[in-house]
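To start, the structure under review is shown below, and the notes come after it.
Residue numbers (our numbering): 2 to 35.
Encoded structure:
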């Protein structure tokens, strides 16, 4: 789904959290619009 190469583990965790949050919001918007 996403392939990201990150050096800093802490930054990787932040990016993963952000991606998950965006996916969740998009899923909720798709569910509410249908």
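In this text, a Cβ means the ideal position worked out from N, Cα and C, and glycines have one as well.
Contacts around residue i, its chain only, beta-carbon distance under 7 Å, and the 5 residues preceding and following it disregarded
{"i": "residue 17", "result": "none"}
Rounded separation between residue i and residue j - CA only
{"i": "residue 13", "j": "residue 24", "result": "16 Å"}
{"i": "residue 33", "j": "residue 10", "result": "35 Å"}
{"i": "residue 21", "j": "residue 27", "result": "10 Å"}
{"i": "residue 35", "j": "residue 15", "result": "31 Å"}
{"i": "residue 31", "j": "residue 19", "result": "18 Å"}
Close beta carbons around residue i, own chain, < 6 Å, minus the five adjacent residues each side
{"i": "residue 29", "result": "none"}
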